[in-house]
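Reminder that position 355 of the sequence shown reads as 354 in numbering that gives the first Met the number 0, one-by-one numbering, no gaps. Beta carbons are placed, not taken as given, at the ideal position from N, Cα and C, and that holds for glycine. Structure first, then comments.
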Amino acid sequence: MNNNSTKKHKHLTLEDREWIETGLRKGLTFRAIAAQIGKDPSTISKEVLRHITVSKSSIRNIDPSGKTIAPEPCPRLLRPPYVCSSCPSLHRSCPHDKQVYRARSAQLAYETLRSESREGIPLNKARFYEIDRILSERIRQGQHLYHILQSEDLGVSKSTVYRHLHKGYLSISPLDLPRVVKFKPRRHRKADSIPKALKQGRSYSDFLAYMQPHPLASRVDIGTVIGEIGGKTLMTFDFTFCNFMFGLLLENKTSAQAALHIRSLKQRLADHGLDFGKLFPVLLTDNGGEFADVFAFEQDLQGRPQSHLFFCDPMRSSQKPFVEKNHTLFRDIVPKGESFQAFSQDTINLIFSHVNSVRRNSLNGKSPYEVFSFTFGSELADLLGIQRIPARDVIQSPLLCKSEAFLRTLHP
């Protein structure tokens with residue numbers, strides 16, 4: 000059997016398991032077996048360890064007092080392949096317990112586990128009333144729900160009890176659980192989304208069709224970087240011709256915040272006599288709900304057409320690789336999971352000043368800042384908050400977050 004990439008992330012079949020059993024008998028390594036069936040070697044290792052069958056040795060050792068001494072484990076079984084399948088002593092007189100892997104037994108165990116995991120907890124009418132009786136008695140005695148579930152084998156979870164309680168299935172009511180009465184229903188804020196109607200004429204195929212008669216030297220990719228979920232978010236802009244990137248710090252990941260900051264940027268450029276539409280003629284972004292206010296991106300402050308906004312296909316971040324690649328440079332300084340709550344816009348500007356000052360092989364040894372400032376002038380870079388960092392002073396690691404310059408930008 001040849002390596003088949005289409006089998007990736009698929010469950011092992013009986014045929015796969017028979018290949019594993021055959022390979023073990025032949026003395027093949029996990030890597031060699033994995034190559035035969037198109038799986039990762041770790042998958043084979045886990046499969047064998049999970050379904051080892053142990054046969055007790057028939058040889059008994061007796062100590063001077065007449066007690067049976069347990070046989071020592073075979074040292075060969077402490078390392079891969081963990082089974083005796085290819086051992087020459089398998090069918091001979093061996094003092095150790097034997098371990099083998101049998102494909103059909105493994106397949107049966109797998110099918111049983113799969114079936115049981117899909118059944119859930121069986122709860123018939125009689126069992127339900129029994130659970131209701133136990134819960135009611137214990138709670139009216141003043142016992143806490145967690146204590147009851149830990150003391151009684153009811154076979155239901157705490158969340159299931161709460162769900163049945165609120166639906167009125169139980170003899171008790173929320174008033175019998177004083178703490179439940181105090182709980183306020185969780186408020187779930189519906190995330191912003193982009194209406195399908197607004198995507199008409201703005202899809203990735205529309206973007207490709209638009210670019211053919213408009214051979215623009217540059218487009219601007221937009222992305223977002225999330226810090227703490229629900230906290231401040233970074234909206235980034237990447238001039239793809241030179242990978243020059245700057246960012247706007249949003250208070251949260253909403254379309255209202257994105258629209259507010261993009262209009263503020265347009266106003267700042269207009270105050271200096273610059274046209275946002277000429278600098279950002281084509282914008283390409285993903286399907287995040289923060290970009291739902293498409294007119295904030297496409298129209299000027301008077302509501303006139305100014306730029307063209309297009310959306311990548313869903314789950315296809317590879318269609319805007321420039322901004323995604325630059326995000327990894329940002330993460331070199333601020334690792335994933337770090338909160339942005341203490342950051343200010345000056346913090347973001349400092350980080351991207353260092354990112355834009357890194358010399359790139361794709362730019363023949365020039366930095367994005369050098370190419371961008373040569374094309375548009377250093378005044379525009381300054382206006383976007385980006386400064387030139389001398390090559391010797393560039394810090395492209397979390398060490399930047401410990402520098403005095405960085406600490407001065409943080410909010411107190």
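Between which residues of its own chain and residue i is the CB-CB distance below 7 angstroms, once the five residues before and five after are set aside?
| i | result |
| --- | --- |
| I51 | Y81, V82, Q98 and Y100 |
| F371 | F238, C241, F243 and A380 |
| R16 | A102, A105 and Q106 |
| S338 | G226, E227 and G230 |
| F351 | M244, F245, G246 and I385 |
| N2 | Interpretation of N2 is limited by its pLDDT of 48, a score under 50 that renders its predicted location unreliable; the figure taken from the coordinates is listed afterwards. Only A34 and G37 meet the Cβ criterion. |
| L153 | I130 and I133 |
| H148 | Looking at the sequence itself, residue 148 is Leu, so the reference to His does not match. Contacts found: K157. |
Leaving out five residues on either side along the sequence, give the residues of the same chain with a beta carbon under 8 angstroms from the beta carbon of residue i.
| i | result |
| --- | --- |
| H410 | A341, F342 and S343 |
| F294 | G302 |
| S202 | F309, F310 and D312 |
| R24 | S84 and S85 |
Where does residue i land, buried or exposed, given buried means 16+ other C-beta within 10 angstroms?
| i | result |
| --- | --- |
| H307 | buried |
| Q256 | buried |
| K265 | buried |
| D292 | buried |
| H146 | exposed |
| T5 | The predicted model places T5 with a pLDDT of 48, which falls under 50 and marks its position as unreliable; any figure quoted below should be read in that light. Burial call: exposed. |
| T284 | buried |
| H353 | buried |
| T235 | buried |
| S336 | With the sequence shown as reference, residue 336 is identified as Gly, and Ser is not the correct amino acid for it. Classification for G336: exposed. |
| Q412 | With the chain represented from 0 up to 411, any question about residue 412 goes unanswered, as that position is not in the structure. |
| G222 | buried |
| P367 | buried |
Of the choices the options, whose alpha-carbon is the least far from that of residue i?
| i | options | result |
| --- | --- | --- |
| D131 | L107, T159, A108 and Q106 | T159 |
| G272 | E378, F29 and D39 | E378 |
| P94 | E71, S104, F279 and E110 | E71 |
| H163 | Y128, R49 and E151 | Y128 |
| K55 | P173, D96 and E403 | D96 |
| I394 | R78, S356 and N363 | S356 |
| L27 | T284, I221, G276 and P79 | P79 |
| K45 | H10, I61, E14 and S156 | H10 |
| L398 | N363, G376 and R330 | R330 |
| L176 | G22, S84 and G141 | G141 |
| T374 | H165, Q149 and S217 | S217 |
| P280 | F206, Q199, D345 and P334 | F206 |
| L406 | I347, T12, L233 and P63 | I347 |
| S84 | I61, V53 and Q211 | V53 |
| V333 | N286, T232 and R139 | T232 |
| H326 | K365, L278 and D220 | D220 |
| C73 | I61, C86 and K66 | C86 |
| R359 | L13, K324, L349 and R30 | K324 |
| L249 | K124, R126, V224 and S396 | V224 |
| P40 | L48, R49, R30 and V47 | R30 |
| L76 | L48, D270, P194 and L328 | L48 |
Give me the DSSP bridge partner(s) of residue i.
| i | result |
| --- | --- |
| Y368 | According to DSSP, Y368 bridges with nothing at all. |
| K97 | S54 |
| T223 | M234 |
| F245 | F236 |
| F309 | L283 |
Answer yes or no: does any C-beta atom of chain C fall closer than 8 angstroms to that of residue i?
| i | result |
| --- | --- |
| Q211 | Of the protein chains in this structure there is only one, and it is not chain C. |
Near residue i, which residues of its chain fall below 6 angstroms by C-beta distance, leaving aside the five closest residues on each side in sequence?
| i | result |
| --- | --- |
| C400 | none |
| E151 | I133 |
| L112 | none |
| I388 | S352, H353 and S356 |
message = Three Cβ pairs or more, each shorter than 8 angstroms: is that satisfied between the stretch 164-172 and the stretch 257-270?
response = Using a Cβ-Cβ distance cut-off of 8 angstroms, the stretch 164-172 and the stretch 257-270 are not in contact, since fewer than three pairs of beta carbons, one from each stretch, lie closer than that value.
ask   = Are the stretch 379-391 and the stretch 312-324 in contact at 8 angstroms, needing three or more beta carbon pairs?
value = The stretch 379-391 vs the stretch 312-324: no contact.
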